[in-house]
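Q: My structure is below; once you've seen it, I'll send some questions.
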Amino acid sequence: MYDPVNFSEDIMLEFAHETGISSNLKPKRYLWTDAFAVCNFIELYRRRRNETFLNLALKLVDQVHFVLGRHREDDHRRGWISGLSDDEGFKHPTIGGLRIGKPLPERRPDEPFNEALEWERDGQYYHYLVKWMHALNRISLITGDLKYKVWAIELAKTAHKAFVYTAPDGRRCMYWKMSIDLSRPLIPSMGLHDPLDGLITYLELWSDAPRDMGLSLEREIGELDEICKDMDWTTDDPLGAGGLLWSAYTLTKLIAEGYYNNLNLLADILNASLISVELCLATGFLRLPASLRLAFRELGLSIGLKAAERMLNLAKKSKALSYKDDIINNAQSLTHY
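Residue numbers (the numbering used here): 146 to 482.
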């Protein structure tokens, strides 16, 4: 009989070997993939209570920090990208941000922009950093070790300071891609869902953080809340639609637990999620041959649709949401896909 958990174990153990986590192969680290891998290992540990998976998650975290928290081998710069000494860098591995892990070096200041080539160039992506914050928070929750929460919040504060800026007209905006040292934007436009992803992740980090830890995200939360007002979140990208659904679920959870009270934002996300799923289906991407499709985008949508089921159950049980017919009805509609 097919067991999806056994299948997941096989995939993740192979991933650990092939990317140098559990083998002597040279580490192949890519921040986006590794953030999901940490969460997968944690979930396998939670289900199986097999210490192997927890150890793989912890080893992967350390490896990501040592590889992506430091300058590339082909860079003339050495050491932690934060500029800290080796000893201090190990204590605060995320305080300078984390590289994407792309195959090519970042674009030099005197180098012309090439859109196709930029996809292969290193730097720092805000939405990748946000995913890593979430992964570190999950590690902190499962181990009870506060240092991972501290690293996540230090990363949040560093990323926010570098990526969020005030435009000449007074609007607060965000850069999409920054240089490795966070000194200059490589792509100045704002990612569609970056402020939303950041806001929800900051809320997650701050919701249960000890208030005496010496770090606060209240200012950063307020600034992203401001950017998120009157935004149109709709997209025809399956990964983006899945991300919206995940955001709706996480925000529902935060509202139900009393950590956030902007019901209008949740309603906006749910409306955009419904439209986005329909837009995705209208593109006919499911009818394309596998060679023309990107698995990670469809997996993102799949995760989001799974989250929609949990979101409906949460909303129905929440005192803050159970009476909001528009939210309940839209959440119900999303479970039909």
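Think of the CB as a built atom: it goes at the ideal place given N, C-alpha and C, for glycine as much as any other residue.
For the region 162-181 and the region 205-222, state whether three or more C-beta atom pairs, one from each stretch, are separated by less than 8 Å.
A: In short, these stretches touch, since the Cβ pair count reaches three.
Q: If I measure Cβ to Cβ from ALA354 and keep anything under 7 Å in the same chain, skipping five residues before and after, which residues do I get?
A: Correct list, in chain order: LYS294 and ILE298.
Q: Who are THR380's beta bridge partners in DSSP?
A: None; THR380 has no bridge partner.
Q: Output yes or no for whether 9 Å exceeds the beta carbon distance between PRO250 and ARG266.
A: Cβ atoms of PRO250 and ARG266: closer than 9 Å.
Q: Mapping the DSSP letters down to three states, classify TRP225 as helix, strand or coil.
A: DSSP places TRP225 in strand when its eight states are reduced to three.
Q: How should VAL150 be labelled, buried or exposed, when 16 other C-beta atoms within 10 angstroms of its C-beta is the threshold for buried?
A: Counting Cβ neighbours within 10 Å, VAL150 comes out exposed, since fewer than 16 surround it.
Q: Nearest-angstrom Cα distance between GLY445 and TYR273?
A: Straight-line Cα distance between these residues: approximately 14 Å.
Q: Less than 8 Å between the CB atoms is what I'm expecting for THR480 and ALA452, so what's the real figure, rounded?
A: Incorrect: roughly 10 Å between the Cβ atoms, too far for contact.
Q: Counting C-beta neighbours from all protein chains within 10 Å, is the total for ASP290 16 or more, i.e. buried, or is it exposed?
A: Flag for ASP290 reads exposed.
Q: Whole angstroms is fine: what's the gap from TRP180's alpha carbon to TRP391's?
A: Position check: residue 180 holds Ala in this sequence, whereas Trp was assumed. Roughly 15 Å separates the two Cα atoms.
Q: Compute the Euclidean distance between the alpha carbons of SER352 and ALA202, then round it to the nearest angstrom.
A: So the two alpha carbons sit approximately 23 Å from each other.
Q: In the DSSP assignment, find the unbroken alpha helix (DSSP H) run with MET157 in it and report its ends.
A: Where MET157 is concerned, the enclosing alpha helix (DSSP H) stretches over 149-163.
Q: Could you spell out where the alpha helix (DSSP H) holding TYR175 opens and where it closes?
A: TYR175 -> no alpha helix (DSSP H), and no H or E assigned at all.
Q: Quick check for students: name the residue ranges of the alpha helix (DSSP H) that lie wholly in the region 398-468, counting only runs of 4 or more.
A: With a minimum length of 4 residues, the continuous alpha helix (DSSP H) runs that stay inside the region 398-468 are 408-427 and 440-462.
Q: For ILE400 and LEU411, which I take to be in contact (beta-carbon distance under 8 Å), what is that distance rounded to the nearest angstrom?
A: Contact flag correct, Cβ pair sits at about 6 Å.
Q: For LEU281, I'd like the list of residues in its chain whose CB is within less than 6 Å of its CB, leaving aside the five on either flank, ordered along the chain.
A: Result list for LEU281: TYR293, TRP296 and ALA297, in chain order.
Q: Excluding sequence positions up to five away, which residues of its chain have a Cβ less than 7 Å from the Cβ of GLU368?
A: Same-chain partners within the cutoff: VAL309 and ARG317.
Q: State the start and end residues of the unbroken alpha helix (DSSP H) segment that holds ARG283.
A: From DSSP, the alpha helix (DSSP H) with ARG283 extends over 271-288.
Q: Determine the DSSP secondary structure at PRO254, reduced to helix, strand or coil.
A: Three-state DSSP puts PRO254 in coil, outside helix and strand.
Q: Where does ARG364 sit, in a helix, a strand or coil, going by DSSP?
A: Note: ARG364 maps to helix in three-state DSSP.
Q: Under 8 Å, with one C-beta from each stretch per pair, do the region 381-395 and the region 355-362 reach the 3-pair mark?
A: The answer is no - the region 355-362 does not touch the region 381-395, with fewer than three Cβ pairs under 8 Å.
Q: Which residues does DSSP list as the beta-bridge partners of TYR310?
A: Looking at the DSSP assignment, TYR310 forms a beta bridge with CYS318.
Q: Quick one: give me the first and last residue of the beta strand (DSSP E) that ILE332 is part of.
A: Run containing ILE332: 330-332, per the beta strand (DSSP E) assignment.
Q: Can you tell me whether LEU327 is helix, strand or coil according to DSSP?
A: Coil at LEU327, not helix or strand.
Q: Do ILE372 and MET319 come within 9 Å of each other at the CB atom, strictly closer than that value?
A: Yes, the pair counts as a contact, with Cβ atoms nearer than the cut-off.
Q: Within the continuous alpha helix (DSSP H) that includes ILE345, where are the two ends?
A: Here the alpha helix (DSSP H) through ILE345 covers 339-352.
Q: I need the boundaries of the alpha helix (DSSP H) containing LYS204, first residue and last residue.
A: Its alpha helix (DSSP H) spans residues 196-213.
Q: What's the gap between the Cα of LEU439 and the Cα of ARG329?
A: Each residue's alpha carbon lies about 30 Å from the other.
Q: What whole-angstrom Cβ distance do ALA435 and LEU415 have, given they're in contact under 8 Å?
A: Not confirmed; about 31 Å, so no contact.
Q: Please classify LEU291: does DSSP put it in a helix, a strand, or coil?
A: If DSSP states are grouped into helix, strand and coil, LEU291 belongs with the helices.
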